[in-house]
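Trainee:
Numbering (this note's numbering), first residue to last: 58 to 239.
1. Would residue 110 and residue 219 be called neighbours here (beta carbons separated by less than 8 Å)?
2. Buried or exposed, going by whether 16 or more other CB atoms sit within 10 Å of the CB of residue 176?
3. Taking the alpha-carbon positions, what's the residue 174 to residue 63 distance?
4. With DSSP as the reference, identify every bridge partner of residue 199, one or two as the case may be.
5. Label residue 102 either buried or exposed according to how many other C-beta atoms from any shown protein chain fall within 10 Å of its C-beta, with 16 as the threshold for buried.
6. Tell me the rounded alpha-carbon separation between residue 156 and residue 229.
7. Quick check on DSSP: helix, strand or coil for residue 175?
8. Would you mind working out which of 140, 132, 192 and 202 sits nearest residue 98, comparing C-alpha positions?
9. Is residue 224 helix, strand or coil by DSSP?
10. Please identify the residue among 194, 93 and 104 whose C-alpha is closest to the C-alpha of residue 119.
11. Taking only three categories from DSSP, how would you classify residue 140?
12. In whole angstroms, what separates the C-alpha of residue 221 from that of residue 214?
13. Below 7 Å CB to CB, which residues in the same chain sit around residue 167 once its five sequence neighbours on both sides are set aside?
14. Please return the same chain residues whose Cβ sits closer than 6 Å to the Cβ of residue 65, not counting the five positions on each side in sequence.
15. Would residue 204 and residue 85 qualify as a contact pair, given that the criterion is a beta-carbon distance under 8 Å?
16. Evaluate residue 209 with the Cβ neighbour count: other Cβ atoms within 10 Å of its Cβ, from every protein chain shown; 16 or more gives buried, anything less gives exposed.
17. How long is the line joining the alpha carbons of residue 236 and residue 206, rounded to whole angstroms?
18. Counting along the chain, where does the alpha helix (DSSP H) carrying residue 88 start and finish?
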């Protein structure tokens, strides 16, 4: 499928790989593709910048979301306590052995070595949506604009990131679509 990508779209995907590795992610998520589109010179990047989703802003939000430690719900903690597991004791013992914040650090990567992490199912869906956008417009090549439209689906994490930046998704989508008119 990547043979149908323009050079800029390929660069966006290469950047997505790099971002996933930098963030110690186990897979390439749609948020990494958003970072890729926001970083490569293209009309889509210009639209993102104009809307307030420049690379540094998007990177900051993605980093915050990535760094947020996973929280166990009160119901889960109560259920574990019901079988004799004290979460605070587990945390204390773990930090005593491995250091403060040990449970908040990303797990080390296993398996595939230093290669690029695989695409998540939601990223594959974004790539498929980008292809559909190109086909719908009878365009032979997939551009960063098509990728950006694939990221604008209601179900994707990038939509949440863009909303966190106070960006109207429909306005963004319309502006990106205008860049794709042939």
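Even glycine gets a Cβ: it sits at the ideal position worked out from N, Cα and C.
Mentor: In this structure, then:
1. Using a Cβ distance threshold of 8 Å, residue 110 and residue 219 count as a contacting pair.
2. buried
3. 22 Å
4. 62
5. buried
6. Cα to Cα, the separation comes out at about 44 Å.
7. coil
8. Across the set 140, 132, 192 and 202, the C-alpha of 202 shows the shortest separation from the C-alpha of residue 98.
9. coil
10. 93
11. Residue state, collapsed to three classes: coil.
12. Distance between the alpha carbons of residue 221 and residue 214: 11 Å.
13. The predicted model places residue 167 with a pLDDT of 45, which falls under 50 and marks its position as unreliable, so this point remains unresolved.
14. 97, 99 and 201
15. no
16. buried
17. 11 Å
18. 87-96
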